[in-house]
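In our numbering, the protein residues as written are 485 to 596.
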């Protein structure tokens with residue numbers, strides 16, 4: 485889930501794992517309006533990943549943040565250092581080839 489702050493408040497019972505058990509099945513109440521709170525079946529293998537930009541974390545409620553493991557993910561951690569160096573060298577080389585003045589026929593570095 486990403487950028488769905490308006491929905492997170494309705495999923496607090498789900499995030500808290502506040503389930504009602506009936507037989508072998510787990511159910512959770514999810515408010516869909518001021519008066520309608522249906523019990524929804526929760527799959528036994530359910531898990532949720534919430535993505536938040538670092539600048540948006542300030543706006544999040546601390547109780548909401550405390551419900552999850554937190555990991556910082558950035559491009560440097562996803563791409564091997566060798567590939568990152570290769571990409572940086574390639575962008576530097578292309579930047580040297582591109583014109584510095586504005587021209588409709590040629591791309592500029594900010595278009596890479």
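All C-beta atoms, glycine included, are put in the ideal place defined by N, C-alpha and C.
A Cβ-Cβ separation of about 7 Å places residue 526 in contact with residue 511 under the 8 Å criterion.
Around the beta carbon of residue 536, 16 or more other beta carbons sit within 10 angstroms, so the residue counts as buried. The alpha carbon of residue 522 has as its nearest neighbour, out of 503, 538, 529, 558, the alpha carbon of 503. Pairing residue 562 with residue 569, the inter-Cα distance amounts to about 13 Å.
The continuous beta strand (DSSP E) containing residue 511 extends over residues 509-513.
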